[in-house]
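Below: one structure, written as structure tokens.
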Amino acid sequence: MMAMLQQLLGLVLILALVDATQNSLAQNEDQIQRNGNWSIEPRASGTYSCSRRPRLVTLNPGDVATFTSPGYPSPYTSRNSCGWKFRTSQSSDLITITCSSFTVQSPSRGRCRDYLALGRGK
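Numbering (mature numbering (1 follows the signal peptide of the UniProt record, and there is no 0)), first residue to last: -20 to -1, 1 to 102.
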């Protein structure tokens, strides 16, 4: 039986909660070197681990949340299922998602076993 999610490589997503009227990231940035190049990225307010039953995390304007797959940057084992739940403190706020590294396994028999699903909560 095929695992629902197999080797998900390098899932690193950075969530930044942005106030609907103002981007507040400029005051909270770090300069980071990757592959010989420099980039300016937001400093994480919190890092959240994967869970089969994710807990709900409320983000406030200016918060930056980082989350990765288990064992990143190494592949994680078959039959792993990961989830995270984030919400804003105000319904008018937005969450911006930036993927700095994202790789999934190639389809097998025409079916994708690895995926990233984003949705609007209730």
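A virtual CB, placed ideally from N, CA and C, is assigned to each residue, including glycine.
Keeping to the same chain, check which residues put their C-beta closer than 6 Å to that of residue 50; ignore five residues upstream and five downstream.
Translated into the one-based positions of the sequence shown, residue 50 becomes position 70. The answer, listed in chain order, is 30, 56.
Any idea which residues DSSP pairs residue 29 with across the strands?
Here residue 29 refers to the residue found at position 49 when the sequence shown is read from its first residue. The partner list for residue 29 (beta bridge, DSSP) is empty, contrary to what the question assumes.
6 Å Cβ shell around residue 104 - same chain, five flanking residues per side excluded:
As shown, the chain starts at -20 and ends at 102. That puts residue 104 outside it, with no answer to give.
Can you name the start and end residues of the beta strand (DSSP E) that residue 38 belongs to?
Counted from its first residue, the sequence shown places residue 38 at position 58. 36 to 39 is the span of the beta strand (DSSP E), which, as asked, contains residue 38.
Can you tell me whether residue 84 is helix, strand or coil according to DSSP?
On the sequence shown, residue 84 is found 104 positions in, with the first residue counted as 1. Three-state DSSP puts residue 84 in coil, outside helix and strand.
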